[in-house]
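In this note's numbering, the protein residues as written are 215 to 296.
This is the structure in structure tokens:
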């Protein structure tokens with residue numbers, strides 16, 4: 215019973231958030247300060263996501279190459295070392 219309600223709630227949330235996201239994208243293209251704020255916010259979210267996944271995988275006794283490959287960062291790491 216809870217699964218269909220959760221699925222319906224998620225669908226409603228996505229439906230209501232689409233116009234808000236479209237408006238934010240349009241506003242970001244017009245206002246440079248707002249655009250910079252959105253870019254900085256997105257970079258912080260990406261960094262925190264990568265850091266948390268890296269931390270979880272490093273605790274799990276994987277080697278560093280496996281962790282970087284999982285994050286899609288192995289190519290960046292190899293270029294950085296050269």
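All C-beta atoms in this analysis are idealised placements derived from N, C-alpha and C, irrespective of residue type, glycine included.
One thing to note: residue 242 has its Cβ within 8 Å of the Cβ of residue 249. Going by C-alpha positions, residue 235 is about 10 Å away from residue 228.
Taken through DSSP and simplified to helix, strand or coil, residue 264 comes out as helix.
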